[in-house]
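Chemist:
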Amino acid sequence: MATEAEEDVKAELFNLLSTDKDLISKVTQALSMAEKLEISCKQEVFNGLSHEQLDLKQKQQELTGKVQQLETEMESNKLKFMDEVDNINQYGHRNCLLVHGVTEAPQENTDDTVIDIFKSKLNVDITKQDLDRSHRLRSRRQNFNRPRPIIIKFCSYNRRAEIFRIKRHLKNTGITISESLIAHRQHLMYS
Numbered sequence: 001m002a003t004e005a006e007e008d009v010k011a012e013l014f015n016l017l018s019t020d021k022d023l024i025s026k027v028t029q030a031l032s033m034a035e036k037l038e039i040s041c042k043q044e045v046f047n048g049l050s051h052e053q054l055d056l057k058q059k060q061q062e063l064t065g066k067v068q069q070l071e072t073e074m075e076s077n078k079l080k081f082m083d084e085v086d087n088i089n090q091y092g093h094r095n096c097l098l099v100h101g102v103t104e105a106p107q108e109n110t111d112d113t114v115i116d117i118f119k120s121k122l123n124v125d126i127t128k129q130d131l132d133r134s135h136r137l138r139s140r141r142q143n144f145n146r147p148r149p150i151i152i153k154f155c156s157y158n159r160r161a162e163i164f165r166i167k168r169h170l171k172n173t174g175i176t177i178s179e180s181l182i183a184h185r186q187h188l189m190y191s
């Protein structure tokens with residue numbers, strides 16, 4: 001509820017506005033100027049924001065290009081790194097050979113088994129000092145009828161190369177000798 005003083009002020013304003021046409025014209029002009037000023041301010045803000053948006057869009061395109069370039073470099077470096085790791089892993093297999101087709105025996109000594117094969121089938125005098133270690137590989141196949149291969153690591157690459165050179169003498173014996181390849185290279189070779 002309006003107080004008596006407020007009612008008096010409203011009445012006085014109403015009288016002034018209805019009798020003074022010049023005042024109404026000035027108020028209308030002031031409102032028009034305020035409206036134009038508001039539109040001008042909004043236009044300046046809009047233009048500034050549009051300019052900032054264009055700058056941000058340009059920076060975003062530049063950053064997207066840099067990200068794509070870095071992703072390409074990263075993929076290239078990843079492939080180089082994988083290749084180098086592959087080479088290092090294969091180098092670790094350099095002195096190794098696999099002997100396939102040797103029947104398994106309980107509590108067997110694989111060193112003695114391969115030495116016996118090399119002496120009897122290849123006529124090569126190999127001693128335990130020529131071997132670093134040997135053992136059966138775990139079977140990844142589901143065919144358990146075949147014996148697991150024996151991996152042999154030689155102390156000397158020359159001794160390993162000598163055995164590998166004359167492996168053809170094992171033809172028709174059911175025993176074969178192959179290189180020890182890492183899984184990736186073996187997959188490439190047999191696929």
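Residue numbers for the sequence shown follow the UniProt record's numbering, so the first one is 1 and each next one is one higher. Ideal placement from N, C-alpha and C gives every residue a C-beta, glycine not left out. Fair warning: this is a prediction, and the values are worked out from it, not measured in the lab.
1. Measuring straight from C-alpha to C-alpha, what distance separates T3 and G48?
2. What's the call for L37, buried or exposed, on a 16-neighbour Cβ count within 10 Å?
3. Is R168 buried or exposed, if buried means 16 or more other CB atoms sit within 10 Å of its CB?
4. In the DSSP assignment, what residue or residues form a beta bridge with L131?
5. Alpha carbon to alpha carbon, how far is R136 from R94? Give it in angstroms, no decimals.
6. Using a 10 Å radius around the Cβ and a threshold of 16 neighbouring Cβ atoms, would you call P149 buried or exposed?
7. For K153, which residues in the same chain have their Cβ closer than 6 Å to its Cβ, ignoring the five residues on either side in sequence?
8. Let's see if you can read the secondary structure: which residues bound the alpha helix (DSSP H) around S120?
9. What's the call for F14, buried or exposed, on a 16-neighbour Cβ count within 10 Å?
Modeler: Reading from the atomic positions:
1. 48 Å
2. exposed
3. exposed
4. F154
5. 18 Å
6. buried
7. N95, C96, D132 and R133
8. T110 to L122
9. exposed
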